[in-house]
Amino acid sequence: MTVLVRSLILLVFLVGASAPTGAEEVEPAVPDLASRVLQYLDVYDGDAADRLLQEILSDEKASIDTVSRLITAGRTYQIQPVGDRPREQIVIRGQTYPLSLLIPPTYHASKAYALVVCLHGFGFTGEEYLERWRTRLGEDYLVACPTYPSGAWFTKHAEELVLATIRELRSRYHVDPNRIFLTGMSNGGIGAWLIGMHHAPLFAGIAPMASGLDNVLMPFLGNLRQTPIYMIHGVKDQVMPVDLSRSIAQELDALGYSYVYREHEREHPMAGGHYFPKEELPDLVAWFNSHRREPLPARLTVVRDGSHFQPFNWVRLDSTDPIAVFSDDLVDKRDERIKRRVYAKLDASIREGNRVEVQTHHVRRYSLFLNESLIDPAKPLTVITNGQVSFTGIVTPSLETLLRQARLRQDPQRIFPIHLSISVPTPDP
-15 MTVLVRSLIL
-5 LVFLVGASAP
5 TGAEEVEPAV
15 PDLASRVLQY
25 LDVYDGDAAD
35 RLLQEILSDE
45 KASIDTVSRL
55 ITAGRTYQIQ
65 PVGDRPREQI
75 VIRGQTYPLS
85 LLIPPTYHAS
95 KAYALVVCLH
105 GFGFTGEEYL
115 ERWRTRLGED
125 YLVACPTYPS
135 GAWFTKHAEE
145 LVLATIRELR
155 SRYHVDPNRI
165 FLTGMSNGGI
175 GAWLIGMHHA
185 PLFAGIAPMA
195 SGLDNVLMPF
205 LGNLRQTPIY
215 MIHGVKDQVM
225 PVDLSRSIAQ
235 ELDALGYSYV
245 YREHEREHPM
255 AGGHYFPKEE
265 LPDLVAWFNS
275 HRREPLPARL
285 TVVRDGSHFQ
295 PFNWVRLDST
305 DPIAVFSDDL
315 VDKRDERIKR
325 RVYAKLDASI
335 REGNRVEVQT
345 HHVRRYSLFL
355 NESLIDPAKP
365 LTVITNGQVS
375 FTGIVTPSLE
385 TLLRQARLRQ
395 DPQRIFPIHL
405 SISVPTPDP
């Protein structure tokens, strides 16, 4: 059994010097720009990262275009184990979790593969779910089934486990960043909703099964504007009533978001209506096959509580009014602001004429991360916030910004050399 000792951050990528071919001693080879960039993206130690950053910035060959191409090209993947890997492990903050993997026997590092992360329900394990998924997907998919105690996927520790699992697989195997899917059954479906909503830009789609959301969590559905959704629920489900999914469907209708919702009337001898019928599988797999993530959509909606301030694609909330803050329990109701659904919200659109229009609620300052696919850096940019001009002028791309954001995001499809911080204008009294 291979034991993977990984943390939330990728392991250090070491580039060794070539060994001498004769008896004479030779000086170690100086790492080239490409190897330094890869080391910087992966290195764990912050001081080492800062040293590598300065080396890259001082390299006369290191231009924004050159470094962008190096990051977009990605890493060279090494030979890895294939087939069923039901008893791997992953370590996060000193805690070891079981991780079950299915890697197609025909896996080849030169090809990019879709990744499906599946979250089990209460009383099950990732290994049991791996068994169920073995025959469900073809040779173009990697499957990862982590195990979390009691299937409590609605906690921050479980959220970390899912994100770490994805980073782990992406560091070892050639995963297509535009084809990462999150699914789950029962408690795992709740986790698919919560993690999928808070980290929507990561996923090509989410597929929660036989699950639901409390009313205080409904506003976070707004984050799924650009994320495809596939729901399945049994009409005769007595564990999680079908009205839970129907309520979500109504909320998505109100938002004007598209989704697929399937109800079934089948019953399992042991689980009753609370299960995923195999008859539903072909349509779900066809849905996986047909969806790709849009890396840089022109419109984003982000809803945040005070515990989720990471970047959301090309926007980030930096400062807010007092808003709800979840504890380690992402379905916590103890905070009075959670009960009243006091969250921060930002809706941003990139318009013609190098113009960004933003509407905010409970936001005091936010950031835009931009590139030439979103705007024309050679022309003046105008940012309108809540109907008022909050910025106008030329924005200057920065290699340092590009590198820092690439290291933070670990996403070769999103390279941002421009960072613009915007203070939200105070309305006239």
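With my numbering as the guide, the letters of the sequence shown map in order to residues -15 to 413.
In this text, a Cβ means the ideal position worked out from N, Cα and C, and glycines have one as well.
Per the C-alpha coordinates, the member of Ile179, Asp312, Gly337 and Arg288 positioned closest to Tyr350 is Arg288.
Residue environment for Arg156: buried (at least 16 other C-beta atoms within 10 angstroms of its C-beta). Cβ-Cβ separation between Ile74 and Pro130: approximately 7 Å, consistent with a contact (criterion under 8 Å). CA-CA distance, Leu201 to Ala308, rounds to 11 Å. Distance check between His104 and each of Leu54, Arg35, Phe310 and Gly175 places Gly175 closest, using alpha-carbon atoms only. Residue state for Phe400 is assigned as coil, using DSSP reduced to three classes.
Under the three-state reduction of DSSP output, Asn355 falls in the coil class, being neither helix nor strand.
Sequence-distant Cβ neighbours of Ala184 in its own chain, meaning closer than 6 Å and more than five residues away, are Asn207, Leu208 and Thr211. Note that the stretch 73 to 92 touches the stretch 124 to 140; at least 3 beta-carbon pairs, one per stretch, sit closer than 8 Å. Per DSSP, Asn162 is one residue of the beta strand (DSSP E) stretching across Val159 to Met169.
Using a Cβ distance threshold of 9 Å, Val101 and Ile150 count as a contacting pair.
Look at Gly173 here: in three-state DSSP terms it is helix. Secondary structure note for Lys329: its beta strand (DSSP E) is the uninterrupted segment Ala328 to Arg335. Per the coordinates, the alpha-carbon of Ser94 lies some 47 Å from the alpha-carbon of Val326. Each residue's CA atom was taken as its position, placing Thr90 and Arg339 some 47 Å apart. Nearest C-alpha to Ile378 among Gly371, Leu365 and Ala390: Leu365. Taken in chain order, the stretch 64 to 96 contains no complete alpha helix (DSSP H) segment of 4 residues or longer.
Between Pro203 and Leu301, the alpha-carbon positions lie close to 16 Å from each other. Rounded to whole angstroms, the gap between the alpha carbons of Arg230 and Asp360 is 43 Å. Per DSSP, Ser274 is one residue of the alpha helix (DSSP H) stretching across Leu265 to Ser274.
The three-state secondary structure of Phe204, taken from DSSP, is helix. By the C-beta density criterion, Val219 is exposed, having fewer than 16 other C-beta atoms within 10 angstroms.
By a beta-carbon distance limit of 8 Å, Ile406 does not contact Ser52. Their separation comes to about 24 Å.
Going by DSSP, Arg321 is part of the alpha helix (DSSP H) stretching over Glu320 to Lys323. Under DSSP, Glu247 shares a beta bridge with His217. If you ignore the 5 residues before and after Asn370, its C-beta comes within less than 8 Å of the C-beta of Val342, Gln343, Thr344, Val408, Pro409 and Pro411, all in its own chain and listed in chain order. Inclusion of Leu126 and Pro88 in the CB contact set at 9 Å is warranted, their separation being smaller than that value.
Apart from the 5 residues on each side of it in sequence, His346 sits with its Cβ closer than 6 Å to the Cβ of Thr304, Asp305, Ile307 and Ala328 in its chain, given in chain order. Per the DSSP secondary-structure output, Met193 pairs in a beta bridge with Met169 and Ile216.
By the Cβ neighbour-count rule, Met181 is buried, with 16 or more other Cβ atoms within 10 Å of its own. Segment contact: the stretch 269 to 277 against the stretch 250 to 260, fewer than three CB-CB distances shorter than 8 Å; contact not assigned.
With a threshold of 16 other beta carbon atoms within 10 Å, Asn171 meets it and is buried. In terms of Cα proximity to His158, the closest of Ser242, Lys140, Tyr113 and Ile63 is Ile63.
Each of Leu145, Glu144, Leu153 and Arg250 was checked against the Cα of Ala194, and the nearest Cα belongs to Arg250. The beta carbon of Phe187 sits closer than 8 Å to the beta carbons of Ile164, Phe165, Leu166, Gly180, Thr211 and Arg277 from its chain, once the five residues preceding and following it are set aside; these are given in chain order. Glu341 is bridged by DSSP to Ser333 and Ile368.
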